[in-house]
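Trainee: Take a look at the following structure, please.
Residue numbers (the numbering used here): 148 to 306.
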């Protein structure tokens, strides 16, 4: 198993269907970094509880709102114009790189917060259900992310 959240997130995101599921969940108001963190915590066997859930959300929310979302908005606003303007296209790619760096920073912060939370034998609570927005809890995309995370965990255990 990937011991750090960033490499876990990269491995999971590379699995078939995860990118599309993540984008669908993001459109429903989900924080993809929090959801990737949820799959990492689940794989590590960390017990989900109200205090931990609140701590993760309190850490992620301002960073998403103040850093990631403005970069994403700018990148999206420039999409059409960048097709016809090579200089804007270069700037848009730089904004995209900054957005990815901001997400990586958030994942590193989430990992630092949760790193010492111990694994337990009875960690059956569903982190994804706790950290997904209400409107995504029964969505196919969340199910797809859950299945891909389990498959990744099974593949890593088998190695």
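Heads up, the beta-carbon is just placed ideally off N, CA and C, and yes, glycines get one too.
1. Sorted by chain position, which residues of the same chain lie with C-beta nearer than 6 Å to residue 189's C-beta, five sequence neighbours on each side aside?
2. Could you check if residue 262 is buried or exposed, using at least 16 other CB atoms within 10 Å of its CB as the buried criterion?
3. In this structure, how does DSSP classify residue 302 when only helix, strand and coil are distinguished?
4. Using DSSP bridges, identify the partner residues of residue 294.
5. Would you identify the three-state DSSP class for residue 195, choosing helix, strand or coil?
6. Considering residue 165, what are the terminal residues of the alpha helix (DSSP H) in which it resides?
7. Tell me the rounded alpha-carbon separation between residue 272 and residue 227.
8. Mapping the DSSP letters down to three states, classify residue 266 as helix, strand or coil.
9. If you drop the 5 nearest sequence neighbours on each side, which residues of the same chain put their C-beta closer than 7 Å to that of residue 295?
10. If you follow the alpha helix (DSSP H) that residue 272 is part of, which residue opens it and which one closes it?
11. When we look at the beta-carbon of residue 177 and count the other beta-carbons within 10 Å, is it buried (16 or more) or exposed?
12. Starting from residue 242, trace the alpha helix (DSSP H) in both directions and tell me its first and last residue.
13. Please state whether DSSP places residue 210 in a helix, a strand or coil.
Mentor: According to the structure data:
1. Taken in chain order, the residues that qualify are 274.
2. It counts as exposed.
3. The three-state reading of DSSP puts residue 302 in helix, counting H, G and I together.
4. Paired residue(s): none; residue 294 is not in a bridge.
5. Assignment of residue 195 by DSSP, reduced to helix, strand and coil, places it in the coil class.
6. That run of the alpha helix (DSSP H) goes 165 to 174.
7. Taken atom to atom, the span from the alpha-carbon of residue 272 to that of residue 227 is near 43 Å.
8. Residue state, collapsed to three classes: strand.
9. If the five residues before and after residue 295 are omitted, its C-beta is found closer than 7 Å to the C-beta atoms of 159, 162, 164 and 165, all from its own chain and listed in chain order.
10. Looking at the DSSP string, residue 272 is not in any alpha helix (DSSP H), and its letter there is neither H nor E.
11. Per the 10 Å Cβ criterion, buried.
12. It spans 233 to 261 - the alpha helix (DSSP H) in which residue 242 sits, taken as one unbroken run.
13. Looking at residue 210 - three-state DSSP - the assignment turns out to be helix.
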